[in-house]
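Enquirer:
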Amino acid sequence: MTSLRSEGRDVVVTGLGVTTAVGQGKDAFVAALLEGRHAFGSMQRPGRLPPAPSTDATAAFLGAEMEEPSLPGSIAARSVRTASLSARAALATLHEAWHEAGLDEADPFRIGLVVGGSNVQQRELTLLHARHADRPEFLRPTYGMGFMDSDLCGFCTEQFPIRGFAHTLGGASASGLLAVLQAVRAVQSGEVDVCIALGALMDLSYWECLAFRAMGAMGSARWADDPAAACRPFDRGHDGFVFGEACAAVVVERADGRRHPAPYARFRGGGRALDGTRNPHPSVEGEVAVVQAALREAGLSASAIDYVNPHGTGSPTGDAVELQALARCGLDHARINATKSITGHGLTAAGALEIVATLLQMREGKLHPTRNLVDPLDETFPWVREKAEDCAVRTAVSLSMGFGGVSAAICLEKC
Amino acid sequence: MPDTRVFDLIVEHTREVVPELEGHRFAPSDSLRDLGANSIDRAEIIVMTLESLSVSIPLVELADAKNMGELADLIHDKSAV
Numbered sequence: 001m002t003s004l005r006s007e008g009r010d011v012v013v014t015g016l017g018v019t020t021a022v023g024q025g026k027d028a029f030v031a032a033l034l035e036g037r038h039a040f041g042s043m044q045r046p047g048r049l050p051p052a053p054s055t056d057a058t059a060a061f062l063g064a065e066m067e068e069p070s071l072p073g074s075i076a077a078r079s080v081r082t083a084s085l086s087a088r089a090a091l092a093t094l095h096e097a098w099h100e101a102g103l104d105e106a107d108p109f110r111i112g113l114v115v116g117g118s119n120v121q122q123r124e125l126t127l128l129h130a131r132h133a134d135r136p137e138f139l140r141p142t143y144g145m146g147f148m149d150s151d152l153c154g155f156c157t158e159q160f161p162i163r164g165f166a167h168t169l170g171g172a173s174a175s176g177l178l179a180v181l182q183a184v185r186a187v188q189s190g191e192v193d194v195c196i197a198l199g200a201l202m203d204l205s206y207w208e209c210l211a212f213r214a215m216g217a218m219g220s221a222r223w224a225d226d227p228a229a230a231c232r233p234f235d236r237g238h239d240g241f242v243f244g245e246a247c248a249a250v251v252v253e254r255a256d257g258r259r260h261p262a263p264y265a266r267f268r269g270g271g272r273a274l275d276g277t278r279n280p281h282p283s284v285e286g287e288v289a290v291v292q293a294a295l296r297e298a299g300l301s302a303s304a305i306d307y308v309n310p311h312g313t314g315s316p317t318g319d320a321v322e323l324q325a326l327a328r329c330g331l332d333h334a335r336i337n338a339t340k341s342i343t344g345h346g347l348t349a350a351g352a353l354e355i356v357a358t359l360l361q362m363r364e365g366k367l368h369p370t371r372n373l374v375d376p377l378d379e380t381f382p383w384v385r386e387k388a389e390d391c392a393v394r395t396a397v398s399l400s401m402g403f404g405g406v407s408a409a410i411c412l413e414k415c
Numbered sequence: 001m002p003d004t005r006v007f008d009l010i011v012e013h014t015r016e017v018v019p020e021l022e023g024h025r026f027a028p029s030d031s032l033r034d035l036g037a038n039s040i041d042r043a044e045i046i047v048m049t050l051e052s053l054s055v056s057i058p059l060v061e062l063a064d065a066k067n068m069g070e071l072a073d074l075i076h077d078k079s080a081v
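In order, the protein sequence lines correspond to chains A and B. In terms of our numbering, the first sequence is numbered consecutively and its last residue is 415. In terms of our numbering, the second sequence is numbered consecutively and its last residue is 81.
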């Protein structure tokens with residue numbers, strides 16, 4: 001099999017951007033990660049509070065909400081007026097990644113953008129529908145553009161000179177990782193020289209929260225009185241995921257293209273697979289398949305992997321299946337933590353956010369703690385638990401899974 | 001014009017939609033298009049103005065206005081405010 005890498009199509013990561021509830025920008029984010037500082041509480045955004053009258057079944061939803069994304073002055077107030085929270089977070093996050101990668105120097109026609117996520121603006125749509133329910137004749141014309149997720153592509157390409165291509169990519173909670181893989185493939189194929197993958201902020205309304213709770217996916221009735229304890233991936237006390245607002249951007253480009261002083265990492269391999277179901281349940285087979293595909297493309301054995309950044313949402317089934325899959329792949333020797341224990345589950349943003357977390361930890365030479373990991377499902381994994389630890393990570397694997405039987409994995413190596 | 005209320009509302013919403021015009025001194029002879037409002041901006045300004053007045057007029061009936069003054073007069077006449 002011909003390797004794309006051997007043809008000079010090595011792909012490296014040259015820029016990262018991140019906006020979360022625990023910090024905006026890489027410096028604040030990595031500091032929060034290493035300190036294990038969370039922002040969980042009872043969610044308060046308009047359109048996300050349970051509808052009255054409140055009963056046990058509609059008690060406020062637990063989660064982590066971000067501060068208003070800090071937009072650079074270069075972004076016109078005129079654009080921001082009708083930008084959704086998802087779009088504002090995208091612009092702030094892309095701005096950070098864009099400037100780190102120095103993309104003002106790149107040919108706009110050789111830059112692409114993949115926005116990971118679909119149905120990401122639900123809360124704002126819910127508010128708009130409520131506002132205009134009894135006066136539809138005054139619905140704003142901009143709704144005709146704004147209701148589409150691809151509006152994020154419009155905002156981003158209006159503010160940043162991206163002229164290659166831009167589109168969204170939906171894969172439920174795997175969207176962010178799938179966007180990064182798609183960006184890598186677009187560079188490897190030669191379609192563009194640089195591609196930005198953006199894990200979009202999925203802005204849940206109370207409708208989605210109610211449904212996630214009703215289907216048993218979202219915690220946490222068990223920890224309703226103790227929001228700080230609710231998000232506990234891989235702990236026996238887990239009872240579902242806890243939402244955390246986030247947006248993350250990853251810039252990938254040809255290693256033999258523009259000279260970049262200090263790429264974060266080299267892409268080594270990726271894998272995608274389907275279980276053939278519309279259900280939310282994960283499968284060991286699907287997860288094993290994507291990890292093995294990523295390692296095969298990387299030309300690495302499992303024993304060569306130093307660190308695993310798992311999907312680890314806090315779902316009882318999902319956590320157990322993932323550990324089985326990692327063990328079956330021979331990755332139970334690699335250091336492991338759970339980023340969602342700090343950030344919450346970013347849903348469409350999660351895959352990109354966790355790649356950012358992986359690369360920042362690689363650069364720091366430290367691994368962040370796993371919050372609330374008191375009684376691990378499997379003690380034999382070398383968890384990073386209460387405190388951050390020094391660890392020289394050269395190679396890492398990150399996984400993302402999504403409803404509808406989606407599994408995905410990526411393998412990265414420090415440059 | 002005896003009643004500047006409609007014109008003032010158009011100005012207010014124009015400043016909201018096109019913040020760059022914050023310091024501009026609006027005159028009835030100003031054209032929204034010439035001031036940099038694109039077709040979506042103009043539709044947005046008109047719908048916001050109609051909502052402020054709680055009057056419903058099909059946008060197509062306002063399409064012939066050549067400038068902000070004519071637009072204000074049309075809205076005024078059709079809504080009998």
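Even for Gly, the Cβ is constructed at its ideal location relative to N, Cα and C. What you are looking at is a predicted structure, and each value in this text was computed from that prediction instead of being measured.
Under 7 Å between beta-carbons, which chain B residues line up against residue 137(A)? List them in chain order, please.
Expert: Chain B residues near residue 137(A): 56.
Enquirer: Against chain A, does residue 75(B) count as a neighbour if the rule is that its beta carbon must be under 8 Å from one of theirs?
Expert: No, residue 75(B) lies away from the interface with chain A (no Cβ there is under 8 Å from its Cβ).
Enquirer: Check whether the Cβ of residue 128(A) sits closer than 7 Å to any heavy atom of the ligand GDP, and report yes or no.
Expert: Only the bare structure without any ligand can be found here, which leaves the ligand GDP out of the picture.
Enquirer: What's the C-alpha gap between residue 226(A) and residue 314(A)?
Expert: Whole-angstrom Cα-Cα distance: 16 Å.
Enquirer: Can you give me the C-alpha to C-alpha distance between residue 209(A) and residue 263(A), rounded to a whole angstrom?
Expert: Their Cα atoms are separated by approximately 38 Å.
Enquirer: In the DSSP assignment, find the alpha helix (DSSP H) that holds residue 9(B) and state where it starts and stops.
Expert: From DSSP, the alpha helix (DSSP H) with residue 9(B) extends over 5-17.
Enquirer: Please list, in chain order, the chain A residues whose beta carbon lies closer than 8 Å to that of residue 47(B).
Expert: In chain order: 138, 139, 140, 141.
Enquirer: So with CB distances below 9 Å, who are the chain D contacts of residue 50(B)?
Expert: This model lacks chain D altogether; the protein chains it does include are A and B.
Enquirer: Distance, Cα to Cα, residue 32(B) vs residue 68(B)?
Expert: Looking at the two C-alpha atoms, the distance is approximately 7 Å.
Enquirer: When the distance is taken between beta carbons, is residue 150(A) closer than 8 Å to residue 168(A)?
Expert: Closer than 8 Å, so yes.
Enquirer: Whose C-beta lies closer than 6 Å to the C-beta of residue 8(B) among residues of the same chain, with five residues either side of it excluded?
Expert: Taken in chain order, the list of residues that qualify is empty.
Enquirer: Per DSSP, residue 266(A) forms a beta bridge with which residues?
Expert: Partner(s): 12(A), 413(A).
Enquirer: Below 8 Å on the Cβ atoms is my contact criterion, and I expect residue 241(A) with residue 338(A) to pass it. Report the Cβ-Cβ distance as a whole number of Å.
Expert: About 11 Å separates the two Cβ atoms, so there is no contact after all.
Enquirer: For residue 11(B), count the other beta carbons within 10 Å of its own beta carbon; 16 or more makes it buried, fewer makes it exposed. Which is it?
Expert: Counting Cβ neighbours within 10 Å, residue 11(B) comes out buried, since at least 16 surround it.
Enquirer: Along chain B, in chain order, which residues have C-beta atoms closer than 9 Å to that of residue 89(A)?
Expert: What residue 89(A) touches in chain B: nothing, since even the nearest Cβ is about 21 Å away.
Enquirer: Is the Cβ of residue 81(A) closer than 8 Å to any Cβ of chain B?
Expert: Yes, residue 81(A) counts as interfacial toward chain B.
Enquirer: Which ranges would you report for the alpha helix (DSSP H) in the segment 58-112 of chain A if only whole runs of at least 4 residues count?
Expert: As far as the segment 58-112 of chain A is concerned, its whole alpha helix (DSSP H) runs of at least 4 residues are 77-80, 85-101.
Enquirer: Just checking my contact of residue 344(A) with residue 40(A) at CB under 8 Å: how many whole Å lie between their CB atoms?
Expert: Right, their Cβ atoms sit about 7 Å apart.
Enquirer: Run through chain A and tell me which residues come within less than 7 Å of residue 10(B), C-beta to C-beta.
Expert: Within 7 Å Cβ-Cβ: nothing; residue 10(B) doesn't reach chain A, min ~15 Å.
Enquirer: State the DSSP-derived secondary structure class of residue 138(A), mapped to helix, strand or coil.
Expert: Helix.
Enquirer: If we cut at 8 Å on Cβ distances, does residue 26(B) have a partner in chain A?
Expert: No, its Cβ sits nowhere closer than 8 Å to a Cβ of chain A.
Enquirer: Would a C-beta distance cut-off of 8 Å place residue 121(A) and residue 84(A) closer than the cut-off?
Expert: Yes. Within cutoff.
Enquirer: Against chain B, which members of the segment 62-81 of chain A pass a CB distance test of less than 8 Å?
Expert: Listed by position, the residues of the segment 62-81 of chain A near chain B (Cβ gap below 8 Å) are 76, 77, 78, 81.
Enquirer: Give the DSSP bridge partners of residue 307(A), in chain order.
Expert: Bridge partners of residue 307(A): 335(A), 396(A).
Enquirer: With 16 as the cutoff for other CB atoms within 10 Å, does residue 220(A) come out buried or exposed?
Expert: Burial call: buried.
Enquirer: Please state whether the Cβ-Cβ distance between residue 171(A) and residue 353(A) is less than 8 Å.
Expert: For residue 171(A) and residue 353(A), no; Cβs fall outside 8 Å.
Enquirer: Alpha carbon to alpha carbon, what distance is there between residue 377(A) and residue 318(A)?
Expert: Their Cα atoms are separated by approximately 12 Å.
Enquirer: Since residue 359(A) contacts residue 13(A) with CB under 8 Å, what's their CB separation in whole angstroms?
Expert: Between residue 13(A) and residue 359(A) the Cβ distance is about 6 Å, and since that is below 8 Å, they are a contact.
Enquirer: What does residue 6(B) reach in chain A if we use C-beta pairs closer than 9 Å?
Expert: Per Cβ cutoff of 9 Å: no residues; residue 6(B) is ~16 Å from chain A at best.
Enquirer: My understanding is that residue 413(A) touches residue 394(A), with C-beta atoms under 8 Å, so please give their C-beta distance in whole angstroms.
Expert: Yes, they are in contact, since the Cβ atoms of residue 413(A) and residue 394(A) sit about 6 Å apart, within 8 Å.
Enquirer: Keeping to the same chain, check which residues put their C-beta closer than 6 Å to that of residue 356(A); ignore five residues upstream and five downstream.
Expert: Only 16, 18, 248 meet the Cβ criterion.
Enquirer: Among 253(A), 316(A), 381(A), whose alpha-carbon lies nearest the alpha-carbon of residue 327(A)?
Expert: Closest option to residue 327(A), Cα to Cα, is 381(A).
Enquirer: Does the segment 55-73 of chain B come close enough to the segment 15-25 of chain B to have 3 or more Cβ pairs within less than 8 Å?
Expert: At 8 Å Cβ cutoff, the stretches do not touch.
Enquirer: Pick helix, strand or coil for residue 166(A), following the three-state DSSP scheme.
Expert: Residue 166(A) falls in the strand class under three-state DSSP.
Enquirer: Can you give me the C-alpha to C-alpha distance between residue 6(A) and residue 305(A), rounded to a whole angstrom?
Expert: Low confidence applies here, because residue 6(A) scores a pLDDT of 44, under 50, leaving its location unreliable and the question unanswered by this model.
Enquirer: What are the complete alpha helix (DSSP H) segments, minimum 4 residues, inside the segment 152-235 of chain A?
Expert: Whole alpha helix (DSSP H) segments, 4+ residues: 175-188, 206-214, 227-230.
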